[in-house]
Amino acid sequence: MKDNLSHPCFTWDNLSVSHGAVSGVSSPGQRGLEFVDIHSHILPGVDDGPATLEQAAAMMECARRHGTAMLVASPHASPAFAYDRARAEQLLDALRARAPSGLHLIRGCDFHLTFTNVEQALRSPADFAINGRCWLLMELSELTVFSNTGALWRRLEDAGLRIILTHPERNSLLRQRFDLIERWVSEGRYMQVTAGSLLGDFGGAARRFSIRLLEAGLAHFVASDAHDLRHRPPRLDLAFQWLVRQYGEAYARRLVIDHPRCAVEGLPLDLEGFRPPPRLPWWRRWTGGRRETI
């Protein structure tokens, strides 16, 4: 796969990204397995996530208890749910005051491809990007792929944004257009699979398509897309364990630690040779067998 750094119309760092580590957060090598979850609906009262601060606090406790060290709060920016950066920052401050030790909250949004959103993002890309840097989570409609989608993406990319399409495996239209996903990735876009999809939480079709994306080297991130504690909790540990059993630890870490951390820090992904190794034999998946390299 060709990384979108090769795109001739922009440079990676045009949002003045700092290339140092996020302040106050250690690297995975220093503190072991600490997941980075780039997609969660944890801000209370702004979309279809938690309704109250207490519910959001319980979600934070769950995330940290199960190994998440960085959690991106990504409320919808859609016709149904208006996105307000100032409001999001206020709610983040309230949540940070109640966050468990070791959990760092980052601002992002779940961007829907509408004319209004695109125009606002072109004026102020950092308002919508993860951590105000350059990576943008984007959800596509399940009804149609607009004919001008590529043109809109190029405008956003020329403004310095890098597009991560969220949960394509749960989009019934995209499940029928694997060729589109292949093309988009070859053009420098990225795919985020939902942790629960790997476990069958969204049905067999989503699970099978997730595995197909993984094995084609077309899935770059795994995130929780958490909305609550019961049905869509903020957990990456179970998906990580599944990935380790199937493909080995090194590949699993790239999806839930290394690549997501790059998104938080505003850095490009190192995709040299990025593709999962052959799946482990069934007997090794259940006897603790793992690979350390890919």
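The sequence shown begins at -16 in the numbering used here and counts up by one. Using N, Cα and C, we set each Cβ at its ideal position, and we do this for glycine too. Bear in mind the structure is a predicted one, so any value in this text is a computation, not a measurement.
Nearest neighbour of residue i, chosen from the options [CA to CA]
i: residue 37; options: 185, 82, 20, 67; result: 82
i: residue 27; options: 126, 205, 64; result: 64
i: residue 142; options: 158, 111, 131; result: 111
i: residue 78; options: 101, 200, 159, 44; result: 44
i: residue 35; options: 210, 220, 179; result: 210
i: residue 208; options: 163, 196, 59; result: 59
i: residue 157; options: 66, 170, 184, 122; result: 122
i: residue 105; options: 80, 223, 138, 131; result: 138
i: residue 307; options: 108, 88, 18; result: With the chain covering -16 to 277 only, the question about residue 307 has no answer from this structure.
i: residue 163; options: 115, 237, 247, 201; result: 201
i: residue 168; options: 177, 155, 151, 180; result: 151
i: residue 120; options: 254, 249, 159, 181; result: 249
i: residue 16; options: 239, 101, 134, 75; result: 239
i: residue 118; options: 155, 256, 247, 75; result: 247
i: residue 260; options: 166, 245, 233; result: 233
i: residue 103; options: 235, 241, 177, 67; result: 67
Exposure label - residue i; buried when at least 16 CB within 10 Å
i: residue 8; result: Its pLDDT being 47, under 50, residue 8 is placed unreliably in this model, and the coordinates cannot settle the point.
i: residue 54; result: buried
i: residue 125; result: exposed
i: residue 229; result: buried
i: residue 71; result: buried
i: residue 40; result: buried
i: residue 6; result: Bear in mind that a pLDDT of 44 at residue 6, under 50, signals an unreliable position, so the number given afterwards is only what the model happens to contain. When all chains shown are included, residue 6 counts as exposed.
i: residue 13; result: Residue placement at residue 13 is flagged as unreliable, the pLDDT there being 40, under the threshold of 50; the coordinate-derived value follows with that caveat. Classification of residue 13: exposed, given that the 10 Å Cβ count is below 16.
i: residue 4; result: Because the pLDDT of residue 4 is 42, which lies under 50, any placement of that residue in the model is unreliable, and the number read from its coordinates should be weighed accordingly. Result: exposed.
i: residue 131; result: exposed
i: residue 149; result: buried
i: residue 23; result: buried
i: residue 188; result: exposed
Anticipated Cβ contact below 8 Å, residue i with residue j, distance rounded
i: residue 56; j: residue 25; result: 5 Å
i: residue 147; j: residue 173; result: 5 Å
i: residue 46; j: residue 217; result: 4 Å
i: residue 178; j: residue 219; result: 5 Å
i: residue 18; j: residue 223; result: 7 Å
i: residue 86; j: residue 75; result: Actually they are not in contact, since the Cβ atoms of residue 86 and residue 75 sit about 12 Å apart, beyond 8 Å.
Paired residues, beta bridge with residue i - DSSP
i: residue 23; result: 56, 209
i: residue 51; result: 18
i: residue 95; result: 122
i: residue 148; result: 121, 174
i: residue 89; result: 55
i: residue 204; result: 175
Residue range of the alpha helix (DSSP H) that includes residue i
i: residue 172; result: Premise fails: residue 172 is in no alpha helix (DSSP H) and is neither H nor E.
i: residue 137; result: 132 to 141
i: residue 195; result: 187 to 198
i: residue 79; result: 68 to 79
Closer than 7 Å: residue i CB and nearest the ligand SAM heavy atom
i: residue 56; result: Of ligands this structure carries none, so the ligand SAM is not represented either.
Where the beta strand (DSSP E) containing residue i begins and where it ends
i: residue 240; result: Where residue 240 is concerned, there is no enclosing beta strand (DSSP E), given that its DSSP letter is neither H nor E.
i: residue 236; result: Careful: residue 236 lies outside any beta strand (DSSP E), inside the alpha helix (DSSP H) at 232 to 236.
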